[in-house]
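Participant: Following this message is one structure expressed as structure tokens.
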Amino acid sequence: MKEARAASDELINLLTRSKGVPPKLPNQTILTVLHASKELFEKEPNILDLRTPINVVGDIHGQFPDLMTIFQDGEFPPNSRYLFLGDYVDRGTQSLEVICLLLALKVRYPNHMFLLRGNHETKEMTEEYGFAVECSSKQNKATYSEFISVFDTLPLAAIINNSYFCVHGGLTPDLHELSQIRALPRPTQIQEHGFLADLVWSDPDRDFEEFAPSERGLTVKWGFKPAQQFMEANNLTKIIRAHQMAEEGIEYPFSPENSVITVFSAPWYAGEFKNKGGFLKIDKNNNIEPIIINHNDKAPPVTFAQPTQNKNEGKGRGKGGKDGKKGKRK
-3 MKEARAASDE LINLLTRSKG VPPKLPNQTI LTVLHASKEL FEKEPNILDL RTPINVVGDI
57 HGQFPDLMTI FQDGEFPPNS RYLFLGDYVD RGTQSLEVIC LLLALKVRYP NHMFLLRGNH
117 ETKEMTEEYG FAVECSSKQN KATYSEFISV FDTLPLAAII NNSYFCVHGG LTPDLHELSQ
177 IRALPRPTQI QEHGFLADLV WSDPDRDFEE FAPSERGLTV KWGFKPAQQF MEANNLTKII
237 RAHQMAEEGI EYPFSPENSV ITVFSAPWYA GEFKNKGGFL KIDKNNNIEP IIINHNDKAP
297 PVTFAQPTQN KNEGKGRGKG GKDGKKGKRK
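Next comes the structure, spelled out in structure tokens:
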């Protein structure tokens, strides 16, 4: 553990104190943090039981400067506690730096940093949307494989103060009780269809009352009625999720009803959309304060990777299209 702590300190210092060009990260230091974080994740349950105060963060997608802004606004651990909802990598060209900092902070402050799995924390998505190429070029293919192994161990959901259900995507028609998530095997790979795929892929949609097929290609959309039934059955008051770009950073899909919240933390997403980013500050009394990150109509300080060309873009598995935009698979 002393070696892992030293490695995490080294990565944190390199990444938070560098100016301009991203620093060269020592491979052995990364591997040490990967192995230590994997051990931590394997000890955590499928559903994390968390207490407030805590900050909840949505998709980052390799936008390292925006991650730093979040930590500056919300304070770095151990001064604050964080729950990240997934999608740390792909699209942005600093995915390696983002995931290395998050994992290093997890190793250094395991009771202040909590990470869930998003739909991009898979081999298939990272091979198509940039992280595989980025990691292999900045490090090597063996290190990339170690990241995938860590992704397979990430927890799937969290409950804050027995009230707020947090997940990357959302609900599934087969989900009735929380015990069903707790019973899922982990480490695990995410298949194209089914229970686990819906947890990281599904979306709320006010145009539907119940569940409906999704144009993403492999999952579902869900209306307010299933959300309400799920919350009532499990004594929950809110569903907090990420996965979709929100123009204002925070979105209430069933507004004026505010029990479902979408959090998207990557402003000026993919260098293409002039959206804001946001995260949630939840205080000890369960009060939620949305924090908005403005793009100020200025281009971001990093360039962005483009997805691998796909002949069936927008069809089949549906990985193509404007990643993160409503109604599109990302």
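Quick note: the sequence shown, position 98, residue 94 per my numbering, numbers continuous. Glycine included, C-beta positions come from ideal geometry on N, C-alpha and C. Since we're looking at a predicted model, the values are computed, not measured.
(1) Could you give the DSSP three-state label for R237: helix, strand or coil?
(2) Looking at Q90 and F67, is the spacing between their C-beta atoms short of 9 Å?
(3) With respect to the beta strand (DSSP E) encompassing W264, which residues constitute its N-terminal and C-terminal limits?
(4) Hey, A193 and Q187 are a contact pair by Cβ (cut 8 Å); roughly how many whole angstroms apart?
(5) Using 9 Å as the threshold, is the C-beta distance between G70 and Y78 below it?
(6) To the nearest angstrom, how far is it from the Cα of L7 to the Cα of C96?
(7) Threshold first: 3 residues or longer. Then list the beta strand (DSSP E) segments lying entirely within the region 146 to 201, N to C.
(8) Return the first residue and the last residue of the beta strand (DSSP E) that F207 is part of.
(9) Taking C-alpha atoms, which residue in P252, A100 and R212 lies nearest to H239?
(10) So, is D328 buried or exposed, given that buried needs 16 or more other C-beta atoms within 10 angstroms?
(11) Enumerate in chain order the residues of its own chain whose CB-to-CB distance from H164 is below 8 Å, with the five nearest sequence positions on each side excluded.
(12) Are the CB atoms of S261 and V53 within a distance shorter than 9 Å?
(13) Between the alpha carbons of L46 and N282, how many angstroms are there, rounded?
(14) Which one of I284, I289, D279 and N290 has the shortest CA to CA distance from S76?
(15) Over what stretch of residues does the alpha helix (DSSP H) that includes E71 continue unbroken?
(16) Whole angstroms is fine: what's the gap from A154's alpha carbon to P249's?
(17) Give every residue of the same chain whose Cβ lies closer than 6 Å to the Cβ of Y160, excluding the five residues on either side of it in the sequence, and list them in chain order.
(18) In angstroms, rounded to a whole number, what distance separates the CA positions of I135 and P252?
(19) If you run the structure through DSSP and keep just helix, strand and coil, what is N23?
(20) Can you give me the start and stop residues for the beta strand (DSSP E) that D45 sits inside?
(21) By a C-beta neighbour count over all protein chains shown, 10 Å radius and 16 as the cutoff for buried, is E93 buried or exposed?
(22) Assuming contact is defined by CB atoms lying nearer than 9 Å, are L101 and F72 in contact in what I supplied?
(23) When you compare the CB positions of T139 and N23, do they come within less than 9 Å of one another, or not?
Facilitator: With the structure as the only source:
(1) R237: strand per DSSP, three-state reduction.
(2) If you check the CB distance, F67 and Q90 do not come in under 9 Å.
(3) No beta strand (DSSP E) contains W264, which DSSP labels as neither H nor E.
(4) About 6 Å separates the two Cβ atoms, so the contact holds.
(5) Yes. Within cutoff.
(6) Near 7 Å, if we compare the C-alpha coordinates of C96 and L7.
(7) You should have 153 to 156 and 160 to 163.
(8) Per DSSP, F207 is one residue of the beta strand (DSSP E) stretching across F207 to P209.
(9) Comparing Cα positions, the closest option is R212.
(10) No information on residue 328 is available, as it lies outside the stretch -3 to 326 that the chain covers here.
(11) So the qualifying residues of the chain are L81, G82, D83, L112, R113, G114, N115, L195, V196, R237, A238 and H239.
(12) Cβ distance < 9 Å, so V53 and S261 count as in contact.
(13) L46 and N282 have their alpha carbons spaced roughly 12 Å apart.
(14) Considering only alpha carbons, the answer is D279.
(15) First-last for E71: undefined, no H or E at that position.
(16) Cα to Cα, A154 sits roughly 20 Å from P249.
(17) Shown here for Y160: same chain residues with a beta carbon closer than 6 Å to its own, the five before and five after excluded, namely K234 and I236 in chain order.
(18) It is Gln, not Ile, that sits at residue 135 in the sequence shown. When rounded, the separation of the alpha-carbon atoms in Q135 and P252 is 47 Å.
(19) Of the three classes helix, strand and coil, the one that applies to N23 here is helix, per DSSP.
(20) Where D45 is concerned, the enclosing beta strand (DSSP E) stretches over I43 to L46.
(21) E93 is buried by the Cβ-count criterion.
(22) By the CB criterion at 9 Å, L101 and F72 fall inside the cutoff.
(23) In contact: T139 and N23 (Cβ atoms closer than 9 Å).
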